[in-house]
Structure formats: C-alpha cells, structure tokens
Amino acid sequence: MIQVLVNGVFLGCLFAVVAVGLTLVYGVMEVPNFAHAGVIVLAAYATWSASAAGLPFALAALVGIACGAAVSVLTEVVAYRWIIDNPAAAPAVALGLMLILQNTALRLFGGEGRSMDTPYDQVLVEFGGVSLSGVKVALVVLAVLALTALHLILSRTSLGRAMRAVAQDRGAAAMLGIPMRRQYTLAFLIAGLLAGIAAVAYAPTFQVSPYMADEVLLSAFVVVVVGGLGSVWGAVAGGLVLGVVEGLGSAYLSSAYQSAFGFLLLVLILVLKPGGLRGATGRRVA
Amino acid sequence: MRSRSAAALTAAAVFAASAACGAQSGANDGDTVKVGAILSLSGIYSTLGPAQKNALTMGVEALNKTGFTVGGRKRTLEISYADDRSDAATTGVTALREMVQAQKIPVIAYGLGSDTYVPQLKRQPIPMVNILDSSYPGILDLSQNLFLTRGASPTYVPGCLHYAKRNLGTKSISVITAKGEPYAEGLTQLVAKSAQTEGVAIAATAEFPLSSTDYSNAIGAALAAKPDAVYLSSVTAVILPVLKQLRQSGYTGPVIHSSGVNPDQAEAILGAQFDSIMKDNYDCAGTLPTTSANPAAKSFAEAYQARFNEYPQDLTMWAHDFPFIVAAAMTKADSVTDPEKIQKALSEITVPEGTVSGWLPGDGGLLFTGRNARTASEVTAWCAGKRTLRSAMVFDTRDGAVVDPVFPEDTCA
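Heads up: the sequence lines are chains W and R, in that order. Just so you know, we're using the numbering used here here: the first sequence kicks off at 283 and counts up by one. Just so you know, we're using the numbering used here here: the second sequence kicks off at 223 and counts up by one.
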C-alpha cells in the first residue's frame, strides 16, 4: 500500500510540474497550450544532445531547460501573440504548434527512442520496505524545488504580482500600466522552464522520443481541469490526487486501465465540483 | 466558335486521360519491374522499418547482379518505398491505395497493420508479403492475399518456457503485457499455454496501457508475486523502457521476451547502463543472422554489419529474401503485372536460390506451406560485457511443444 502511494506521489509530481506550466499560460492568456508537449520533447533532445556531445549531466540539463524556455517563448512570440484577440483560434494554433515541434524533433533525431543517462541511474533508495529508483527520487526533488521557487516568484516578487494581476483581470492590469506583452512572454518563459525541468527529470525514467510527452500532456490537462483552470496550487493538488488515484486503481483494480482511472476522476470532479478542486474564477495563477 | 472551343477542350481532356492511363498501364512493361514496400520508417515502430529497408536494398542489389527472366526477357527489380509512420490504419492504407491504384504495383512487402489492409485487398486483390508480423492469432486468416515469411509466435514462444525451466530452473514466472498491443496480447496467451505444457506456474500477470510511460504499477504487481523470472510481452521499442524501469526497481533476476532486441537498440534505448540492464536477458524468436548456423545467413550478417554499421535483426534476413521470392514467383507466373498469377505462383515456388534465411521447406520443397514460410526458432542470451548475443537453444515446435532442441556451446567467452 505504501509503495503504491509512493509511486502515486512520483506520478503526481510529474503531472504537477507539467500541469503548472499549462495552467500558468492558461491563466494569463487563456490558451490551451498543447505545444507544451513539443517543448518538453525539444528540451529532452537538447539535454540528450548536450550529454552525447560530452557535457556533464548537470550542464546538459541546464542546456535542456534553457532550450525549453527559449522554444516556449518562441511559440508565444511567433504564434500565440497574434491570436490574443481571437481565443477561438487558440486550440487549433496550439495543436498545430505541437505537431510542428514534434515533427521537428522527428526530422532532426528520427523516431527511435534514445536513453538519457544520469549519474543516479543505478541508485535505488529504500526506506521502511518502500523502494524508489534514483531517477524517480530526482524527479520528486526537482518538482518540489521548482514548484517552491515558482510559489516564491508569484507571491513575493513584483513580477509575480503583476502576472497574477493580469490573470485576474487583463483590462484592469493594462489600465494600471502593467506591460501586457511582457507578462505573456514571462508566463511562457516560466512554463518553458518548467517544461525543461519536466523533460530533464522525466526522460531518464522513460526515453527521449518525439512522442514521449503525449500521454503526460493528456494527464496534465486532466490535472488542470481537476485542479481548476488557471489555479497553480489547484494543479499541484490535482497532480498529486491524479497520481495517487491512478496508482491505487492500478494496484487494486487493473494496471491496464491506469489512464482510465484519471478520466473517471475527471468526470467525478466535473459532476461534483465543476470549478475544479480550486475554482479559479477569482484567483487565477495563485 | 463555342463548338470549336468545346471540341478543343474535349480533345485535350481525352489526350490527358489517355496519357495518364497509358502511364499507369505501362508501370511494369519495361525491363525494370517495380514492386512496393510499406514499412514503419518513423514512429514508435521505427526500430523495424529502416533495418528492413536496408536489407531490402541489399536483396535487390544481390538479385539484380544476375537479374531474373520473365517472358523470355531479363528483368531487374526496383522497390517503391512508403512510410506508414507506424500508423498503418491511416498512412499505411493511403500508401497501399496509391501503390495499387495509381502505380499498379502487383505485389507489396509490408510489416504491420494486416487487418487494416484487408478492406483494400477485398476491393482490389494483390498478394502482400509480410516480412515481420508473427502475432497470434496469426494474420493469415485475415485474407487469402496475405503471405507470411517467418514463423509465427506459436513456433517460438514455447522455447522461452522450455529454456527457462530446463536451463534457468524457473518454476514460476510473472508476465507483464502491453495492453492493447496485438503482438503482446498474443504472446501472453501463448506464454500461458506453454507454461502449462512445461509445468511452470504463472506467478502474476500485469498489464500497462500501450501509451503509458511509467510502468511502476505493473512492475510492482509482477514482482509482488516473487517470480523466478519475468516475461515481457511486446515489441522492442515498448519492452526496453519497461526493462529499464524493471531493473531500476531493483529486480536482478532473469528477464525473458520475444522482441528480437539487438545490441544497437539496447544501447540506444537503455543508454550507458545497457550492459548491466541486459544481463540475464533471454530472447526467443526467429534465428538471428549473426547467431544462425546457416553460412549464408552468417555471411549476410557480416555484409550488413559492415555496410550499415549496425547489428542485423532477425527481420533483416526475411527482408533480404523478399526480392528473390518475388522474382521466383514472377518467373513461375510468367508475368510481372498480373497479381492473381503472381499470387498463385507464390504458393507453388520452392525455396529460391540466393536467399539467406535458411528457410525450412515444406512438402515437395515448397517455400510456403499454407502461405507461411518459416525458419528455425532460437533462444538467444545476452553476453554480458561483450555487447553481443549468443545462441542458447535452437529448436522446432510441434503441437505447441518444443521438439529437437539443440544447445550450442556458450560462445560468449
């Protein structure tokens, strides 16, 4: 039982890091950013390439995270910025961007999976009859650090306060002199950094491939809705709840339907609490 | 004036139509005969397609050195390739229609997606030769137009359990299956049958969704039963990440599968730790060209490795032989354009000269028995520290049980 919960927490941390990137962008710009999957993929390939070129893993990881941030900002600058007044176009643009980014990876690196090696690949952490591989422990640690840093940025800095203001009321924020475009870019920059962290932490548990983030993205969208659209802490809570629900469902019902338990949870939440765990009508990006 | 324009337009349309029709009907009229190949050159099954294309290229080159004779004329072969992007149902079917209807190609080699091609075969039948798919239940019942150039899963899965019990002392085994993947689900059914035949207990069966990227729940369920060995049901690209997470979870016991993993794939997908992850790994499938006792297969393996700098998978042998099989059938049919005659001839040809796979001939020396050509089956073992595989058991099967097993010397050392 404890092992199942620990596995669930690992999955939940992964979902949370990806979902927070999605919800941040949605909160500020109301864009369902499917391209986030493509950003994760390119960040993972950048890390893999840097590592294959001989860089130590820590440096290669920084290259990957920087790449994630750059690609994410690029999607805002070249695509999303131009449809801000036409939100109906956002889903189509987001899907198109995802395909472009994934196919860029496919073109550059081929379809075969690649392994991302880390110095902690062979570490196995055991405590009280529960074991967790080093790569999973690293993901949990990175997720906690990244989300704590994000919390501090959003709550303790003027940049964070401005971003929250834009999320709560764009018109009012603009009248108060908050530079809107800078806030959009900042949201995508932070989302890209989180995508890079997710890629660096998650790829060593699986493999690097053009389609590595599809399933995770789907689960992350479930988390975003479960947590409440635009709510950062709702996404964190939703991620952990989804991870644990999928873990328990797999262990006690059938692991073949792991993803289905997540969607069942989504339906239940939508029926019982349509606004999500933390309804975000008044407090987006907080 | 109006009637003159209409006449000119009609003439132009008739000219264009007849030019197009002429181009189509003349596809295989020359000395170069074009056949098709629909392969997974990208996507999740891209561990398979590029290797098949390499081997087909070698086969065509080998065949064209001497050519083949049809209708008293010397011919050479050319293959038109299409990438199904690991999505036979959409991209693959589109490619098939284009090849059959526009290019008028009379015979096609392919890898995956047999069931998705059946409706098109009903509309416009042509022989399709599968050079990969050994899934269970077999593909041959789907259509009379399908031919299979390898032993299906029932010819090699029994070897896994036989070897595990006899050589690894396995009394119980847990099975982890990629749910929704036909090859994987067929393997799991066969493992259950073979385990019963061999007297090996199934300790646990665990499944994971095919799209999943975290397998900890399935692995946890499989290991909780404390099995002597673990069997992984699926193809290379799917099972290697599972294997990696299985080892990361601390499991060090024997792992058995039927995926045909080669050292290049192991290194690419498992990374720097591939050797320790692959330790105590056993693979039961068709014979590998590198471990085969057949000199032609061995020499093909050396040539393939030298040319493409990669370890040849078992499917490369079958792909290499496809051009020879088609050429033999066209010669027998005395036609390079008539799919019906070529299909009939495929069932009547003996093992063609120039092939390297070591085909086991059927009654009368025929290559295909019930539209299935097959080679011997084999269990291979990973040579730790050597980055290679060795043949651990060569065998045949009868009524679901292993017969005539041969245990070659341990060549790892």
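C-beta: ideal position from N, C-alpha, C; glycine also. Small disclaimer: the values here were computed from a predicted structure and weren't measured.
Item                                                                                                                                                                                       : Value
I'd like to know whether the C-beta of GLN495/R is nearer than 7 Å to at least one C-beta of chain W.                                                                                      : yes
Can you confirm whether GLN246/R, when its beta carbon is compared against all beta carbons of chain W, has any partner nearer than 7 Å?                                                   : Confidence in GLN246/R is poor, its pLDDT being 42 and thus under 50, which makes the residue's placement unreliable; the coordinate value appears in the next sentence. So, not an interface residue.
Mind reading off the beta-carbon distance from SER481/R to ASP497/R? Whole number of angstroms is fine, and I expect it under 8 Å.                                                         : Rounded, the Cβ-Cβ distance is 18 Å, inconsistent with contact.
Please work out which residues of its chain come closer than 7 Å, Cβ to Cβ, to PRO349/R, disregarding the five sequence neighbours upstream and downstream, and give them in chain order.  : VAL329, ASN367, PHE369, PRO561, ILE564, GLN565 and LEU568
Identify which residue in MET500/R, GLY265/R and ALA444/R has its Cα closest to the Cα of LEU538/W.                                                                                        : For clarity, residue 538/W is Ala in the given sequence; the question names Leu instead. Residue ALA444/R is the option with its Cα nearest to ALA538/W.
Buried or exposed: which applies to TRP540/R, given that a residue is buried once 16 or more other Cβ atoms fall within 10 Å of its Cβ?                                                    : buried
How long is the line joining the alpha carbons of GLY248/R and ARG297/R, rounded to whole angstroms?                                                                                       : Any reading at GLY248/R must be qualified, since the residue scores a pLDDT of 43, below 50, and its modelled position is unreliable; the value itself is stated next. The alpha-carbon atoms of GLY248/R and ARG297/R are separated by roughly 15 Å.
Is it the case that the region 547-557 of chain W contacts the region 501-510 of chain W, given that we only count it when at least three CB pairs across the two stretches are under 8 Å? : yes
Could you compute how far the alpha carbon of LEU261/R sits from the alpha carbon of GLY314/R?                                                                                             : 8 Å
Is it the case that the Cβ atoms of TYR484/W and PHE391/W are separated by a distance below 7 Å?                                                                                           : no
So that I know if they touch, is there some Cβ in chain R lying closer than 7 Å to that of PHE488/W?                                                                                       : yes
Counting along the chain, where does the beta strand (DSSP E) carrying MET350/R start and finish?                                                                                          : 350-352
Under the DSSP definition of a beta bridge, which residues are partnered with MET615/R?                                                                                                    : VAL601/R
On the DSSP bridge list, what partners appear for GLN506/R?                                                                                                                                : Rather than Gln, the amino acid found at residue 506/R in this sequence is Cys. Paired residue(s): VAL601/R.
To which residues of the same chain is SER308/R closer than 6 Å at the C-beta, ignoring the five residues directly before and after it?                                                    : SER262, GLY265, ILE266 and TYR267
Closer than 7 Å by C-beta to PHE237/R: which residues in its own chain qualify, once you throw out the five before and the five after it? Chain order, please.                             : Note on PHE237/R: pLDDT 46, under 50, position unreliable in the model; the coordinate value appears next. Same-chain partners within the cutoff: there are none.
Rounded to whole angstroms, what is the Cα-Cα separation between THR329/W and THR400/W?                                                                                                    : 11 Å
Once you ignore the five residues that flank ARG565/W on each side, which residues in its own chain have a CB closer than 6 Å to its CB?                                                   : With a pLDDT of only 46 at ARG565/W, under 50, the local geometry of the prediction cannot be trusted, and no value is derived from it.
Give me the DSSP bridge partner(s) of GLY258/R.                                                                                                                                            : SER302/R and ILE330/R
Does the beta-carbon of ALA423/R, which I'm using as the reference point, lie nearer than 6 Å to any heavy atom of the ligand MN?                                                          : No copy of the ligand MN occurs in the structure displayed, which carries no ligand at all.
As an exercise, report each continuous beta strand (DSSP E) stretch of at least 3 residues that is fully enclosed by the region 301-378 of chain W, in chain order.                        : none
At a Cβ cut of 8 Å, what residues of the region 382-406 of chain W count as close to chain R, listed as they run along the chain?                                                          : LEU388, GLY392, GLY393, GLU394, GLY395, ARG396, SER397, MET398, ASP399, ASP403, GLN404 and LEU406
Using CA atoms only, rank isn't needed, just tell me which of VAL286/W, ALA361/W, ILE366/W and ILE365/W is closest to LEU383/W.                                                            : ALA361/W
Using a Cβ-Cβ distance cut-off of 7 Å, determine whether ALA533/W contacts chain R.                                                                                                        : yes
From the DSSP output, in three-state form, read off LYS638/R for me.                                                                                                                       : As shown, chain R starts at 223 and ends at 635. That puts residue 638/R outside it, with no answer to give.
With a CB to CB cut of under 7 Å and the five nearest residues on each side skipped, what residues in its chain are close to VAL533/W?                                                     : For the record, residue 533/W in the displayed sequence is Ala; it is not Val. Here the set comprises VAL286.
Looking only at its chain, what residues have a beta carbon closer than 7 Å to the beta carbon of ASP364/R, apart from the 5 residues adjacent to it on each side?                         : Reading off the sequence, residue 364/R comes out as Leu, not Asp. Here the set comprises SER336, ASP337 and VAL340.
Is DSSP giving SER365/R helix, strand or coil here?                                                                                                                                        : coil
Restricting to Cα atoms, I'd like to know which of SER514/R, TYR526/R, LEU588/R and ARG620/R is closest to ALA614/R.                                                                       : SER514/R
Could you tell me the distance, in whole angstroms, from the CA atom of VAL616/R to the CA atom of MET321/R?                                                                               : 39 Å
Check whether the Cβ of ALA335/W lies closer than 7 Å to any Cβ atom in chain R.                                                                                                           : no
Measure the C-alpha to C-alpha separation of LEU468/R and GLY391/R and round it to an integer number of angstroms.                                                                         : 21 Å
Is the Cβ of PRO431/R closer than 7 Å to any Cβ of chain W?                                                                                                                                : yes
So what does ALA426/R bridge to, in DSSP terms?                                                                                                                                            : SER396/R
Does the distance from the C-beta atom of VAL345/W to that of LEU476/W stay below 7 Å?                                                                                                     : no
Check LYS448/R in the structure and name its three-state DSSP category.                                                                                                                    : coil
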